[in-house]
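Residues -17 to -1, 1 to 244, numbered by mature numbering (1 follows the signal peptide of the UniProt record, and there is no 0), are exactly what the sequence shown covers, in order.
No residue lacks a Cβ here, since even glycine has one placed at the ideal position from N, Cα and C.
Have a look at the structure below before the remarks.
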Amino acid sequence: MKIKNFLLLSLAAVAFAACDNISESERYGKDPVDVQKAKNVLIEDFTGQKCINCPKATDVIHELQGLYGEDHVIAVAIHGGALSLPETNPKGLATEQGKAYHEHWNVTTWPKGKIDRGENLEFTSWSAEVVKRLQMKPAVDLDLSGTTYDAASRKLNVAVKMTGNEAVEGKLQIWLIEDNIVLPQQMPDGSLNKNYVHNHVFRASVNEPYGTPVTVAKAASETKQFDYTLADKYKPENVSVVAFVYNDAGGVLQVIKKKIQ
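Take a look at the structure:
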């Protein structure tokens, strides 16, 4: 990867297109980031199909993922606010849990985002915050390699191995996201794109909605397992598990993603 060589140029394009009034230090951070040695970053993208500016936020995510890789910048598009369509509508993506997350985090305008469970941010501020968080070292390493899916029964067993780089106390959250969902989306020019491709869409929480308490000692490992049966409407070839550990002090300590097939 030529991450170091192109970091400043790419981030300049993203930030300048989004907002003219962001300082250079806010846009770029201080130094290029070697993501092979850094923690991954979670973007909780609070969005909606009736939100005309939400595709702009998605573009920022795509730019960041193109620069660092989808395994290092992990996005979850959470539909559920006033500009969303409920999943009871055949063309809707908003789940009841997604609605609860919008209310819990007091999201009342869109698009908004949380970077590693920080404050609610306008999408024009996401790039600088992602760069800052990428430069941190993970307090815990996560491994989803033991996760299995049985296509016949549609049963998923999520196995998360946590290894402490330091002593960690927090919550483990397991979500399912789905890519390549073709449904309508209002666009920035006011038009309706009936064939918009929605990616990394929040589908369900595998464990408790706000996570399972976990404690991991330094240099020790703990494994948690959770079972889940996929709904018929989910296409398993497009579904991924997102697992992250977070706490109030450090936000998201590490996040990983793995396709179930």
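Own chain, CB closer than 7 angstroms to residue i, minus 5 neighbours either side, in chain order
i, result
"Lys13", "Only weak support exists for where Lys13 lies, its pLDDT of 46 falling under 50; the coordinates are left without a value."
"Gly173", "Ile35"
Whole-angstrom distance between residue j and residue i, CA atom to CA atom
i, j, result
"Ala58", "Glu27", "6 angstroms"
"Val184", "Leu66", "15 angstroms"
"Val16", "Lys177", "38 angstroms"
"Ile239", "Ser223", "10 angstroms"
"Ser108", "Lys154", "26 angstroms"
"Gly31", "Gly233", "28 angstroms"
"residue 327", "Ala77", "Residue 327 is absent from the model: the chain starts at -17 and stops at 244."
"Lys33", "Val43", "18 angstroms"
"Asn140", "Glu205", "16 angstroms"
"Tyr225", "Ile98", "Inspection of the sequence shows that residue 225 is occupied by Val rather than by Tyr. Rounded to the nearest angstrom, the two C-alpha atoms are 15 angstroms apart."
"Ser136", "Lys115", "42 angstroms"
"Asn113", "Val56", "Contrary to the premise, residue 113 reads as Val rather than Asn in this sequence. Taking the straight line from one Cα to the other gives about 8 angstroms."
"Tyr11", "Gly101", "Low per-residue confidence applies at Tyr11: pLDDT is 40, beneath 50, and the placement is therefore not dependable, though the value from the model is reported in the following sentence. Whole-angstrom Cα-Cα distance: 19 angstroms."
"Tyr84", "Phe29", "9 angstroms"
"Gly64", "Gln48", "25 angstroms"
"Gln80", "Tyr193", "10 angstroms"
"Thr195", "Val235", "14 angstroms"
"Leu175", "Ala203", "51 angstroms"
"Lys144", "Asn221", "23 angstroms"
"Cys37", "Pro171", "8 angstroms"
"Asp210", "Val189", "7 angstroms"
"Gly96", "Leu127", "25 angstroms"
"Asn182", "Leu104", "20 angstroms"
Bounding residues of the beta strand (DSSP E) (the contiguous stretch that carries residue i)
i, result
"Leu47", "First-last for Leu47: 37 to 51, but that is the alpha helix (DSSP H), not the beta strand (DSSP E)."
"Ser223", "222 to 230"
"His87", "Per DSSP, His87 belongs to no beta strand (DSSP E); it is in the alpha helix (DSSP H), 79 to 87."
"Asp126", "123 to 126"
"His62", "56 to 62"
"Val165", "164 to 169"
Close beta carbons around residue i, own chain, < 6 angstroms, minus the five adjacent residues each side
i, result
"Ala187", "Leu159"
"Gly129", "Ala142"
"Ala150", "Ala200, Lys201"
"Glu152", "Thr198"
Reference residue i; option with closest CA among the options
i, options, result
"Ser110", "Met170, His62, Lys120, Val24", "Val24"
"Thr41", "Trp93, Ala65, Glu86, Arg100", "Trp93"
"His87", "Ile61, Asn72, Lys218", "Ile61"
"Pro73", "Tyr211, Val189, Val165", "Val165"
"Lys242", "Lys82, Tyr211, Pro219, Gln168", "Pro219"
"Pro167", "Glu79, Thr195, Gly75", "Gly75"
"Lys39", "Gly63, Phe106, Gly81", "Phe106"
"Glu70", "Gln169, Leu175, Leu117, Tyr217", "Tyr217"
"Asp133", "Asp162, Asn221, Leu213, His45", "Leu213"
"Thr146", "Lys207, Gln118, Leu50, Cys37", "Lys207"
Run of the alpha helix (DSSP H) containing residue i, from where it starts to where it stops
i, result
"Tyr217", "Looking at the DSSP string, Tyr217 is not in any alpha helix (DSSP H), and its letter there is neither H nor E."
Beta-carbon contacts of residue i that lie in its chain and below 8 angstroms, excluding the five residues immediately before and after
i, result
"Gln237", "Lys22, Asn23, Pro121, Ala122, Val123, Asp124, Leu125, Phe227, Val228"
"Asp215", "Arg137"
Interface flag, residue i vs chain B, CB-CB below 8 angstroms
i, result
"Val222", "Protein chain content of the structure displayed is limited to a single chain, and chain B is not contained in it."
Under the three-state DSSP convention, the category residue i falls into
i, result
"Val113", "helix"
"Thr131", "strand"
"Ser136", "coil"
"Thr107", "helix"
"Pro196", "strand"
"Trp158", "strand"
"Ala1", "Because Ala1 sits at a pLDDT of 36, beneath the cut-off of 50, its placement in the model cannot be relied upon, and the point is left open."
"Arg186", "strand"
"Ile243", "coil"
"Ser6", "With a pLDDT of 42 at Ser6, under the threshold of 50, the modelled position of this residue cannot be trusted, and the question is left open."
"Asp17", "coil"
"Lys22", "coil"
"Pro73", "coil"
"Gly147", "strand"
"Ala203", "coil"
"Glu102", "coil"
"Asp172", "coil"
"Lys33", "coil"
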